[in-house]
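One structure is given below, encoded as structure tokens.
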Amino acid sequence: MRDLLNDLADDAAQNPVERARALSKRELPKRFYKSVAVASGDGEGAEAHAILLDGRPVRTKARNTLAVGHADLARRIAAEWEAQAKEIDPATMPLTRITQTAIDAVAQQAGEVADDVVAYAGNDLLVYRAEAPQELVERQDALWGPVIARAEARFTGRFVLAGGIMPVSQDAAMLARIRASLEGTSALYLTALHVATTITGSALLALALGEAEMDVDAVWEAACVDEDWNIAQWGLDGEAEQLRAVRRADLGAAALILDACRGRAID
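Residue numbers for the sequence shown, in numbering that gives the first Met the number 0: 0 to 266.
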């Protein structure tokens, strides 16, 4: 069977906007399969539910089986393949891309990915506050303050807030506790968490999403405070709107995976 995902590989740390631009320039592979199904494996292991095209398992770039241990998630991944028309467009397959990254890359580099999430926490979007205009200051306080307060309670520490863009250092012991909380998480969970972190620029928002302290709409709203303010002032061009939609779709996929990994029901 052809290596279907040969051109669909997605580095866990890649900027989703840059990825979207790159994917838009590629010649898309043609859809050649007729049927899509999910293999019903025994138990809930990492390969319990493989995605099948014409009865044969999809292989990742590294020749691993594209499979997950969550039946509902597997069905959602299969739906992405079923939705492809004449061509296979990876930009419309965020669940597939995230899952492949987890299988091929993060499973072997979990420590590095966790370290990167913690690095975001040490330089988090939510600690850098506008000093003006007052309406934006109040909006940031309203949406970001509760997230920081919950993180401080969970990880027993205080985040240092900064006005403007001058860098600040965060408590190393608190960051170490954040890092410890990521030990033992699955490669799939960690990949989705990293995707949410890079899209939002905030490990604190990603962690809140992973713990179901916030839903995906609330996380998106909080992540886009500054962006939405600028859009209100200057508008949004067509390309920026398209790239924003890709980011939102990827965040939604990450949220769905986080829910599945935590045993929460997914729609």
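All residues carry an ideal CB built from backbone N, CA and C; glycine is no exception.
From a predicted model like this one, the values you see are computed outputs, not experimental measurements.
Taking the straight line between their C-alpha atoms, what separation do you get for residue i and residue j?
| i | j | result |
| --- | --- | --- |
| Thr-100 | Ala-195 | 14 Å |
| Arg-176 | Ala-244 | 34 Å |
| Ala-11 | Glu-137 | Any answer about Ala-11 is weak, because its pLDDT of 38 lies below 50 and its placement is not dependable; what the coordinates show is given next. Spanning the two alpha carbons is a distance of roughly 34 Å. |
| Ala-148 | Leu-51 | 45 Å |
| Trp-233 | Asp-227 | 10 Å |
| Asp-123 | Ile-198 | 12 Å |
| Ala-172 | Phe-31 | 53 Å |
| Ala-252 | Ala-161 | 31 Å |
Along the alpha helix (DSSP H) that carries residue i, what are the first and last residues, could you check?
| i | result |
| --- | --- |
| His-69 | Careful: His-69 lies outside any alpha helix (DSSP H) and carries neither H nor E. |
| Ala-141 | 133-154 |
| Val-37 | Where Val-37 is concerned, there is no enclosing alpha helix (DSSP H), although the beta strand (DSSP E) it sits in stretches over 35-37. |
| Cys-260 | 237-260 |
| Leu-181 | Note, Leu-181: premise wrong, no alpha helix (DSSP H); not H, not E. |
| Asp-170 | Run containing Asp-170: none; DSSP gives neither H nor E here. |
| Val-116 | 109-121 |
| Val-215 | 215-222 |
Is it right to say residue i is buried, meaning 16 or more other beta carbons lie within 10 angstroms of its own, or is it exposed?
| i | result |
| --- | --- |
| Val-167 | exposed |
| Asp-268 | For residue 268 there is no data in the structure shown, the boundaries of the chain being 0 and 266. |
| Thr-155 | exposed |
| Trp-219 | buried |
| Ile-164 | exposed |
| Asp-284 | Coverage of the chain is limited to positions 0 through 266, which leaves residue 284 absent and any answer about it impossible. |
| Pro-132 | exposed |
| Ala-141 | exposed |
Note down, in chain order, each residue of its chain lying with its Cβ closer than 6 Å to the Cβ of residue i, except the 5 sequence neighbours on either side.
| i | result |
| --- | --- |
| Ala-268 | It is not possible to answer for residue 268, since the shown part of the chain is limited to 0 through 266. |
| Arg-72 | The amino acid occupying residue 72 in the given sequence is Leu; Arg does not appear at that position. Cβ neighbours of Leu-72 beyond the five flanking positions: Ala-259. |
| Gly-121 | Gln-169 and Leu-174 |
| Ala-205 | Leu-192, Ala-195 and Thr-196 |
| Thr-59 | Leu-4, Leu-65, Gln-99, Ile-102 and Asp-103 |
| Ala-77 | Val-35, Val-37 and Ile-50 |
| Ala-82 | none |
Starting from residue i, trace the beta strand (DSSP E) both ways and give me its first and last residue.
| i | result |
| --- | --- |
| Ile-50 | 48-52 |
| Ala-90 | That residue, Ala-90, is in no beta strand (DSSP E); it is neither H nor E in DSSP. |
Report the residue from the options whose alpha carbon sits nearest the alpha carbon of residue i.
| i | options | result |
| --- | --- | --- |
| Val-159 | Leu-125, Val-37 and Pro-132 | Leu-125 |
| Leu-94 | Glu-86, His-69 and Gly-110 | His-69 |
| Gln-139 | Gly-237, Asp-170, Ile-102 and Ala-222 | Ala-222 |
| Gly-110 | Ala-141, Glu-151 and Gly-183 | Gly-183 |
| Glu-86 | Pro-28, Gln-133 and Glu-130 | Pro-28 |
| Thr-190 | Gln-108, Arg-128 and Leu-204 | Gln-108 |
| Gly-200 | Ser-39, Arg-246 and Ala-239 | Arg-246 |
Could you name the residues of the same chain whose beta carbon sits closer than 8 Å to that of residue i, not counting the 5 residues immediately before and after it, in chain order?
| i | result |
| --- | --- |
| Lys-33 | Asp-53 |
Spatial neighbours of residue i within its chain, please: C-beta separation below 7 Å, excluding the five flanking residues on both sides.
| i | result |
| --- | --- |
| Leu-203 | Ala-120, Asp-123, Leu-125, Val-146, Ile-147 and Ala-150 |
| Asn-63 | Ile-102 and Asp-103 |
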